[in-house]
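Residue numbers (the working numbering): 24 to 690.
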């Protein structure tokens, strides 16, 4: 593989149509000004100069050395860019992306062909741009992305407002109030910083005020415009990510060329994070760029396909480096090799034949049930993966198959169909699918949550009449899994899943009529199985950006329960460490923590606290930002208390507080 020397442009300005300038970093192959090359854009708010500098360089310097001009602008209001961010995925943000694409195509070092890529926000931005069909955008790579902002983005994850997702509303404030670098923007850095501190909104107030899937969430949701995507898409996601459903949604709905890959990973690039096996993502991406931006004759990248990692039975492990399994390849979806398998619910059992007996079973779960489910967005590796489900299973209503005699493979969407009533005017049902070992250990396969008020759709409230039965369907997250002989498939049902779902104002007693209930799973008969090395190269990255680690990153995750009061406290602390970027003489550090509290028997005792602190230093320039969000509730309202502050040389130069309440309409 031929490589070339590169030059790095640490900063240049790109002026938007409204006059705001975005600061961008460029990795350019030497000679591109005389012999133009295609360009690759990654458009995110996560600070190119410090916070994401190491990851950016690992990817973009690698691509640049192989013949691509790579560019990383800071979104407006972030890093060294001007302006203020007032919401995520705004129309202005999307217009900025289109203007940057047009600007790139006009540069003398660009052939006029642009690819766009990103993880998470960057992947969503790439798909959003594809729906607008800018002429220069010829290919997209979207990793760990969402296509429905309401259902599985930062808002109402898989059907229940996640306590962990509330924290994103807090950390967004922390991200938006960080200062620009005086070495880039000059003496106006403090003016820009104060503007951010003064104008950054409390994002969670807006998000929590829109508890139905209204225009707030429809705007920017790629699923609303699948038919507008004409650009070739390489999609990558992980079964352990918060957005494992995107690949199948893309395959089923877009008409442009697509390669979709679902692996075992969390919310990470698959060459950099876990759980593994990691893959040679950059080589895969390079082949994609070469095919669509340089028009190489690579038929393997032009044919639609779905590559899926089928995780095989294993014991629960919250910090697994690798998940056992194998890869399968399907050339179309739904696959000819897939068959829906139905299990009927009888008392404690999953069986092949319908239950003729009229049996009802009651569910009223402890408020603390759910702490073993894991982090909704695994990204740091701090015990984020699901723990042994057996304790939560013991407080749930469970249904088991007999021991499996031969392997059962799943790929796709499992669904649970129930006839259920509530003794009050609200309620949630959580369904977990588990793989149970002979010694009783229970490994989470997938889960789903349904708020009974949204049983007829997420756009409207449906009244719950106490003690009146309702027919409902719970959609579980997509997954790929194979149960080994000797193990059992378990369905666990509960009326709580904390902190994944914020508890309802009153503990509901649910009644389930078993004669009308069943589980449907997408079984697969793999025609061929592949190892990771058969499909992908080894992970790769460029030589690291010059830096010095002054303090290693660290973290803890602790769950404690007061046996006298019944209060459970769930603490997650992440110390991002301290790094010195030697080329620019900048020291950067970060710390954040999440704290979740609930007292057994008191759903109004629920509390969430999220804290995010960032520090920047160069010589006698020392700046800190601090943000804190606390969410509590009563029967009728959510209460949001928040604070942001900017600190220069140990003096608070700006501080702002919020104390607001939001009606509980759905959650």
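Glycine included, each C-beta is placed from N, C-alpha and C at the ideal position.
Computed from a predicted model, the values in this text were never measured in an experiment.
Nearest to residue 372 (by Cα), restricted to the options 358, 422 and 320: 422
Per-residue burial, residue 488 [other beta carbons within 10 Å of its own, 16 or more giving buried]: exposed
Simplified DSSP assignment, three categories, for residue 314: helix
Spatial distance of residue 475 from residue 305 (CA atoms): 43 Å
Reduced DSSP secondary structure (H/G/I, E/B, other) of residue 181: Its pLDDT being 48, under 50, residue 181 is placed unreliably in this model, and the coordinates cannot settle the point.
Segments assigned beta strand (DSSP E), at least 3 residues, entirely inside the segment 408-459: 420-423, 431-435, 438-445 and 451-459
Classification of residue 672 by the beta-carbon crowding that lies within 10 angstroms, buried from 16 upward: exposed
Sheet register partners of residue 650 (DSSP bridge): 635 and 667
Contacts around residue 504, its chain only, beta-carbon distance under 6 Å, and the 5 residues preceding and following it disregarded: 334, 433 and 468
Cβ contact check for the segment 600-610 and the segment 630-643: 3 or more pairs under 8 Å: yes
Three-state secondary structure assigned by DSSP to residue 170: coil
Nearest neighbour of residue 581, chosen from 650, 398 and 547 [CA to CA]: 398
Start-end ranges of the alpha helix (DSSP H) lying completely within the segment 60-123, minimum 4 residues: 76-87
Outcome for residue 151 when other beta-carbon atoms lying within 10 angstroms are tallied against a minimum of 16: buried
Residue 356, DSSP secondary structure in three states: coil
Counterpart residues of residue 544 in DSSP-defined beta bridges: 364
Exposure label - residue 111; buried when at least 16 CB within 10 Å: buried
Separation of residue 338 from residue 464, as counted between CA atoms: 7 Å
N-terminal and C-terminal residue of the alpha helix (DSSP H) that residue 734 is part of: No answer is possible for residue 734: it lies beyond the span of the chain, which begins at 24 and ends at 690.
Inter-stretch contact at 8 Å, needing at least 3 Cβ pairs: the segment 200-215 / the segment 293-300: no
Three-state class that DSSP yields for residue 218 in the structure shown: helix
Integer Cβ distance of residue 103 from residue 34, believed to fall under 8 Å: 7 Å
Burial state of residue 181 (16 or more Cβ within 10 Å): Low per-residue confidence applies at residue 181: pLDDT is 48, beneath 50, and the placement is therefore not dependable, though the value from the model is reported in the following sentence. Residue 181 comes out buried.
Residues bridged to residue 137 (per DSSP): 62 and 160
Member of 659, 663, 646 and 658 whose CA lies at the smallest distance from the CA of residue 652: 663
Span of the beta strand (DSSP E), counted from its first residue to its last, around residue 229: Per DSSP, residue 229 belongs to no beta strand (DSSP E); it is in the alpha helix (DSSP H), 226-231.
Whether residue 622 touches residue 587 by CB criterion (8 Å): no
Residues of its chain near residue 529, where Cβ-Cβ distance is below 6 Å and the 5 sequence neighbours each way are ignored: 447
Sequence-distant residues of the same chain with beta carbon closer than 6 Å to residue 682, five excluded per side: 664
Beta-carbon proximity list for residue 42, same chain, < 8 Å, skipping 5 on both sides: none
Straight-line gap, residue 156 to residue 230 (C-alpha atoms, nearest Å): 28 Å
Residue 47, enclosing beta strand (DSSP E) - first and last residue: 44-52
Residue 551 - DSSP class collapsed to helix/strand/coil: coil
Assigned exposure category for residue 649 - 16 Cβ within 10 Å defines buried: buried
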